[in-house]
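**Student:** In this note's numbering, the protein residues as written are 330 to 561.
1. Near residue 280, which residues of its chain fall below 6 Å by C-beta distance, leaving aside the five closest residues on each side in sequence?
2. Who are the Cβ neighbours of residue 561 in its own chain at under 8 Å, not counting the five residues just before and after it?
3. Within 10 angstroms of its Cβ, does residue 360 collect 16 or more other Cβ (buried), or is it exposed?
4. Quick one: what's got a C-beta closer than 7 Å to residue 536's C-beta in the same chain, skipping five residues either side?
5. Residue range of the beta strand (DSSP E) that residue 552 falls in?
6. First and last residue of the alpha helix (DSSP H) that includes residue 380?
7. Between which two residues does the alpha helix (DSSP H) carrying residue 508 extend?
8. Spatial neighbours of residue 396 within its chain, please: C-beta separation below 6 Å, excluding the five flanking residues on both sides.
9. Where residue 549 and residue 380 are concerned, what is the direct C-alpha to C-alpha distance, given to the nearest angstrom?
10. Does the beta-carbon of residue 447 have 16 or more other beta-carbons within 10 angstroms, so that it is buried, or is it exposed?
11. According to DSSP, is residue 416 helix, strand or coil?
12. Note down, in chain order, each residue of its chain lying with its Cβ closer than 6 Å to the Cβ of residue 290, except the 5 sequence neighbours on either side.
13. In terms of residues, what are the limits of the alpha helix (DSSP H) holding residue 539?
14. Looking only at its own chain, which residues have a Cβ that is under 6 Å from the Cβ of residue 506, when we skip the five neighbours before and after it?
15. Going by DSSP in three states, residue 370 sits in which element: helix, strand or coil?
16. So for residue 422, helix, strand or coil by DSSP?
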């Protein structure tokens, strides 16, 4: 069975993607910081009959990243790495003049440094896989100048560029940065708690990710809405 590592998998998009992959027969290594919620997710995912390794921890911890890759190795390898774990930098979001520099450092550490660190750990397994792929979860804030989203957007823009360069340096892999579009997630609720608008559930975006895995287009940046509409 193919094996995927998914970070930030206890809720939202990553949890929905984990369930979809499990339904397709994937074995999974799941990460999140909150052990109790992650355990609930792992139990639910395992109902599909797949093997699940759930490791609670912080992706900024090198030992934790090594443990995630070691778990994938025990399951047989790693065909897919999904860097989904994210930090906002401030909750709720604030203008750049008020953004705590320590919060910006945290966003860069989680969204960029830890993501690259996990890629580096997993590369030997990804290279040996028949169809190795890396997905980095991006945001429209990486390319659009939304007020108060500056710190988070800067970190995602940096992640986009790392993904683009990785795609050039690793032509044997597929490296996709995916902007999932607007979703109802805990991350968005923490970012803008006063926004009571109705947003799509993360499960509705998952088919865009599955399309990438099915069709394996060239490495690059993709928007989930366009993938869902049949465009590239």
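C-beta: ideal position from N, C-alpha, C; glycine also.
**Tutor:** Straight from the coordinates:
1. Absent from the model: residue 280. The displayed extent of the chain is 330 to 561, so no value can be given.
2. Residue confidence is low: residue 561 scores 49 on pLDDT, short of 50, so the model does not pin down where it sits. Its coordinate-derived value is still stated next. Only 546, 551, 555 meet the Cβ criterion.
3. buried
4. 557
5. 549-552
6. Per DSSP, residue 380 belongs to no alpha helix (DSSP H) and is neither H nor E.
7. Residue 508 -> not in any alpha helix (DSSP H); beta strand (DSSP E) instead, spanning 503-508.
8. 384
9. 30 Å
10. Classified as buried, residue 447 has 16 or more neighbouring CB atoms from the shown chains inside 10 Å of its CB.
11. Note: residue 416 maps to coil in three-state DSSP.
12. Examination of residue 290 is not possible in this model, given that the chain is present from 330 through 561 alone.
13. 535-544
14. 465, 467, 489, 492, 550
15. Helix, per DSSP.
16. In the three-state reduction of the DSSP assignment, residue 422 falls in the coil class.
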